[in-house]
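Top to bottom, those sequences are chains A and B.
Heads up: the first sequence begins at 105 in my numbering, then just goes up one per residue.
Heads up: the second sequence begins at 2 in my numbering, then just goes up one per residue.
Glycine included, each C-beta is placed from N, C-alpha and C at the ideal position.
Bear in mind that the values here come from a model prediction, so they are computed numbers and not experimental data.
Here is the structure we will look at, set down as C-alpha cells.
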Amino acid sequence: MKELLKYIVRFALFVLVQVFVLDKIHLHQMITPYIYFLFIIWLPFKMQRTPLMLVAFLLGFSIDSFRHNPGFHAAACVLIAYIRPFLIKMLVAQDISETNYNEPSAKSMGGTGAYLFLVLVLTFLHNAWLFFLEAWQFGDIWYFIVKTMLSTAISMLLIIIVELIFNRNQKFRTNTA
Amino acid sequence: MRNIFLFIRRYFNLLVFILLQAFCVFLIVQYNRFHQAAFGATANRITGAINQRYDDVGYYFRLKKANDSLLKANEFLYNKLKENYTLPDSGYKTKIDSIRVDSILQFRTYGYYAAKVVSNSVTSQNNFVVAYGPNIKYLNEGDGVINMNNAVIGIITNITGDYAVILSLLHESKESTITARLFKAGEVGTISWDGKQPNVLTLNNIPKGTKVVKGDSVVTSGLSTTFPKGLLVGYVDEVYEEKSSSNYKIKLHTAADFTSLEFVYGISSKHADEVKELVKKAKAKL
C-alpha cells in the first residue's frame with residue numbers, strides 16, 4: 105500500500121515537472137528536455153510486462169493531454185516499457201534483480217555503467233520514436249537525427265543530475281524477512 | 002482452436018504491445034485531421050483547469066509585458082478614431098441621428114471576443130494554444146484567432162466549456178486552410194510551417210514574376226470566413242524559386258510572437274453558417 109502510494113505521488117510529480125517546468129524551457133527548437141519517462145525506468149523489477157506497458161501508456165497519455173496531441177508520448181512510453189525487461193535481463197544476472205532489490209538503480213544493477221547504459225538506451229529509444237512519429241509528415245531525416253541526438257544528450261544530463269540529487273534509498277531485501 | 006489460445010498466451014506481451022502502439026497511431030492520425038477532435042472533453046477540462054492555476058501565478062510576473070502590449074494596441078486604435086481626420090468637405094455639419102436604431106449592427110460581419118491564454122507551446126510539431134474566458138461561448142470551432150496587435154495566431158479546433166483549444170499557425174499542414182495575400186502585389190497563396198523555427202512560415206503558390214521584396218507584409222486574404230481581410234500574418238524574409246513549378250516559395254517571419262502570448266481575440270463570423278450552407282448547396286448540384 106505504501107509502495108503504491110509512493111508510485112502514484114511519483115507519477116504525478118514527474119508529469120507536473122515535465123509539463124510545467126521542462127516544457128516551459130525553450131532552449132532551442134531542436135532540444136526538448138525530457139525526464140518524465142524516468143518513472144518507467146524506476147518501476148519495480150517484479151512488474152509484469154503487460155501492466156508495465158499499461159502504466160507507461162497512462163503516463164504518456166497524461167503528458168499528451170497537456171500538449172493536446174494524443175498518441176505521441178504514449179507510443180514512445182509503451183515502446184520503452186516493452187524494451188525495458190529485455191535490457192534488464194541482458195544487463196543483470198537474473199537472481200540478483202529478482203530477489204534483492206526493488207527497482208533499477210546504479211546499486212541494484214551492480215554498477216553505474218550498467219544502469220547508465222540502460223537509461224541511455226531507453227532515453228534514445230524514447231526520443232527517437234517520439235520524434236520519428238512527429239517528423240513523419242516532414243520527412244527531413246537529418247533534422248530528425250540531430251534533434252534526437254541533442255535531446256538525448258540533454259535528457260541524460262538531467263537524469264544524471266536527478267539521480268545525484270534524489271537518493272532513492274534502496275534497501276537490500278532478503279527472502280528471510 | 003487450442004493452438005490459437007496457445008499462440009495468444011505465448012505472444013501475449015507482444016500482442017499487447019502491438020495493440021497499444023496501433024491505438025497510439027490511430028489517435029495521432031485521427032486527431033491530426035483538422036476539426037476532428039477525437040479527444041475527450043474531460044481531458045481538455047482537467048488539463049485546462051490545471052493550466053489555468055499555473056498561469057494565474059505566471060501572469061503576475063508578466064503583467065508589465067502585457068501592459069506594454071495593451072498600450073500599443075490602444076495607441077493603434079486611438080489613431081483610427083474619426084476625430085483625428087479632417088474631412089475634405091469643409092462645409093459639413095454634424096447632425097445627430099434621432100432614430101434610436103443601431104444602424105451599424107446589421108452590417109457587422111465579424112465579432113471580436115477576448116480570451117486569456119493559459120497554455121501555449123512552440124516546440125512540438127503541432128502546437129496548440131489554450132485560451133480561457135467567459136467569451137468563449139460566443140465562438141465556434143473553425144473561428145480564427147488573433148493576438149492583441151492584430152496578428153494571426155491560429156484557428157480554434159475544439160471548445161469545451163470556457164476553454165478553447167487553438168491550433169496555432171505552427172503546425173504541420175498538409176491541407177492548410179489559411180490563405181494569405183501579399184499586401185502590395187495582391188497575389189494570394191497558402192500558409193504552411195516546416196516545423197523547425199517557431200517564427201518562420203512559408204507562403205506557397207505565389208506565381209513567379211510577382212513583385213516581392215524583403216520586408217513586404219503578408220496579410221489575411223479575406224477569402225474565407227475564418228479571418229476578415231487585412232490582418233497581419235508576417236513579413237517576407239526570403240524568396241526562393243521552386244524549380245519544379247512556376248511558383249515562388251516565400252519565407253516569412255511571423256508578425257505575432259508565439260513565445261509570449263498573453264491575450265487573444267477570437268473572431269466569430271456572422272456569415273459563416275450562411276456561406277457554409279451556400280457552398281454545400283453548390284456542391285450538391287455538381
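Worksheet item: Is the CB of Pro208 (chain A) under 7 angstroms away from at least one CB in chain B?
Response: no
Worksheet item: Counting pairs of beta carbons, one from the stretch 232-248 of chain B and one from the stretch 216-223 of chain B, are three or more of them closer than 8 angstroms?
Response: yes
Worksheet item: Of all the options B:Lys250, B:Asp274, B:Asn127, B:Thr203, which has the alpha carbon lying nearest to the alpha carbon of Ser169 (chain B)?
Response: B:Asn127
Item to complete: Quick one: measure Cβ to Cβ for Gly175 (chain A) and Val26 (chain B), integer angstroms, because I've assumed they're closer than 8 angstroms.
Response: 7 angstroms
Worksheet item: According to DSSP, is Asp217 (chain B) helix, strand or coil?
Response: coil
Worksheet item: Is the CB of Asn121 (chain B) under 7 angstroms away from at least one CB in chain A?
Response: no
Worksheet item: Nearest to Gly267 (chain B) by CA position, among B:Leu287, B:Pro229, B:Asp274, is which residue?
Response: B:Pro229
Practice prompt. Just the C-alpha distance for Ala74 (chain B) and Gly231 (chain B), rounded to the nearest angstrom, thanks.
Written response: 16 angstroms
Fill in: CB contact check: Tyr55 (chain B) to chain A, cutoff 7 angstroms
yes
Item to complete: Measure the alpha-carbon distance for Val266 (chain A) versus Trp246 (chain A) and round it to whole angstroms.
Response: 30 angstroms
Worksheet entry | Rounded straight-line distance, which links the Cα of Val189 (chain B) to that of Leu21 (chain B) | 43 angstroms
Discussion item. Which residues in chain A have a C-beta closer than 7 angstroms to the C-beta of Thr48 (chain B)? List them in chain order.
Written reply: Ser169, Phe170
Worksheet item: Considering only residues of the stretch 191-273 of chain A, which uninterrupted alpha helix (DSSP H) runs meet the minimum length of 4 residues and lie entirely inside it, listed in chain order?
Response: 198-203, 216-238, 245-269
Fill in: Distance CB(Phe339 (chain B))-CB(Val123 (chain B)) smaller than 7 angstroms
Residue 339 (chain B) lies beyond the residue range present for chain B, which begins at 2 and ends at 287; the question has no answer from this structure.
Worksheet item: Residues bridged to Tyr164 (chain B) by DSSP?
Response: B:Tyr133, B:Thr161
Discussion item. Determine, for Phe6 (chain B), whether the minimum Cβ-Cβ distance to residues of chain A falls below 7 angstroms.
Written reply: no
Item to complete: For chain A, find out if any of its Cβ atoms is closer than 7 angstroms to the Cβ of Gly223 (chain B); answer yes or no.
Response: no
Discussion item. To test your reading of the DSSP string, which unbroken beta strand (DSSP E) runs of 3 or more residues are found completely within the stretch 218-252 of chain B?
Written reply: 218-221, 233-242
Practice prompt. Determine, using beta carbons only, whether Pro137 (chain A) comes closer than 7 angstroms to chain B.
Written response: no
Worksheet item: Would you call the CB atoms of Val143 (chain A) and Leu163 (chain A) closer than 7 angstroms?
Response: A quick correction: the sequence has Phe, not Val, at residue 143 (chain A). Going by C-beta atoms, Phe143 (chain A) is nearer than 7 angstroms to Leu163 (chain A).
Worksheet entry | Boundaries of the alpha helix (DSSP H) in which Ser125 (chain B) is found, first to last residue | Per DSSP, Ser125 (chain B) belongs to no alpha helix (DSSP H) and is neither H nor E.
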